[in-house]
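All remarks here apply to the structure that follows.
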Amino acid sequence: MFFPLRFVSNHPIYRVHEIPETFLYKAIDATTFGNHLVPSWFRNAFDHSETLQNKMKAVFEKLQKHDRQFRIDFHLAFLSDNNVKELCDNKSLSPTLKQSCFKPVHDSLHTLMTHLYKPTLTTKGLSDAVGGVDVFDHYEKFIEENSSSYVCPFCGLNYYRDPENGRKEAYDHWLCQKNYPASAVNFKNLVPMCPECNESPNKGQVDVLYEDSECTKRRRVLYPYNHSHGVAIKIDCVKHPGISLPRGEWKVEVTAMDSAEEFQIDTWKTVFNIEDRLANYVARQQRKWYMYFLVDRDLALSGASPEDMRTRLEEEVRKLEFKLAAHLEEGGFIKAAFFAYCLLHADDTVLFALAKVAESHLIHTRAKMARSVAT
Ligand SMILES: [Zn+2]
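So the sequence shown is residues -19 to 355, counted in the working numbering.
Here it is as structure tokens:
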């Protein structure tokens, strides 16, 4: 990812994770099912939710069919699968609840945890039980904590939704809920993410810990709240834009700034289809970027000399580097890389082609505006 996120260090909503943790711990020695199995602060809400009681009871009854040692091991496996950061960092660690010995209870636990995530996590009952705050309040804190960057760090292409407008991003389960139900309501596993990144064919339900869908080849992956050294972006023009191919064809290569993070960066690139998405973004945006650049810098569009353009490109790259450091602009990372390419690698033919296409885009846009004013 382009930069790490900052974790909100403390928030009352995190207590939701105490519910399954306490339940599985108490279920080791309990002989009867009831609200004594959930934390005392949640009992009132629990008593009012028959659906949640039924789902928890199903897990309890499955556990009761096994001996005490099994229940201890199941609880430990649950705790172990919640070491999200360690599982991401260390590929010799294996998730434990997936083991076949836990299969008889795993599916019921999955159903319970899915219910705790949706709808329990967003219910008024839970909100009241944790002191009147909810997930939206957490999202506001998350945006405050990460206010040095407004773009999604997984793609760098889209802004995070502004909580001021009463909207929040969906929270992605970094370890997917399908394979890792234990961490479904653990906020160390929940990461706000833009919809484009969060959905298939990008991350979706992809298991970030394994290379293959059969989950046999373990891999390392960045933990989103870990420090990381970021990436370098290199752009190349495969076919320069022209009248018959206005978007041109672009290639984007992303590499880890720190070679020790190479494998984690590779996983991120694969899971989020980063290089293809960035190349498409360049193809889509370059006309507009170049048009604004020429207009802003008062250059005479395709009539400008390559020397003029290069002088102005240097100014543009400096300006974008400032914005890039502040993470302020949607698509800022890739836009900066595009102008760096124009300055350092594009030959005069490419610069002329970019200016020509930008000019025709400007003429077309102005004509369209004139038509809409006239009508
Ligand atoms: Zn994104």
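Idealized CB from N, CA, C, for every residue including glycine.
The structure displayed is predicted, hence computed values, not measured ones.
Across the set 187, 267 and 50, the C-alpha of 187 shows the shortest separation from the C-alpha of residue 156.
If only uninterrupted beta strand (DSSP E) runs of at least 3 residues are considered, those enclosed by the segment 120 to 172 are 151 to 153 and 170 to 172. In the three-state DSSP reduction, residue 35 falls in the helix class (H, G or I). Excluding its 5 nearest sequence neighbours in each direction, residue 154 has C-beta neighbours in its own chain below 7 Å: 64, 169, 171, 188 and 204, listed in chain order. Taken through DSSP and simplified to helix, strand or coil, residue 216 comes out as strand.
For residue 81, the distance from the CB to the nearest heavy atom of ligand 1 is not below 6 Å. As DSSP reads the structure, residue 190 sits in a beta bridge with 198. Shown here, residue 236 sits in a strand according to DSSP, grouped into three states.
The three-state reading of DSSP puts residue 176 in helix, counting H, G and I together. Membership of residue 271 in the alpha helix (DSSP H) is indicated by the continuous run 254 to 276.
Taken atom to atom, the span from the alpha-carbon of residue 285 to that of residue 215 is near 23 Å. If you look at residue 24, you'll find it in the alpha helix (DSSP H) that goes 23 to 27. For the pair residue 131 and residue 92, the CB atoms are not nearer than the 7 Å cut-off.
In the three-state reduction of the DSSP assignment, residue 83 falls in the helix class, which pools H, G and I. Annotation: the continuous alpha helix (DSSP H) that includes residue 60 extends over 48 to 60. In the structure shown, residue 78 falls within a coil segment according to DSSP collapsed to helix, strand and coil.
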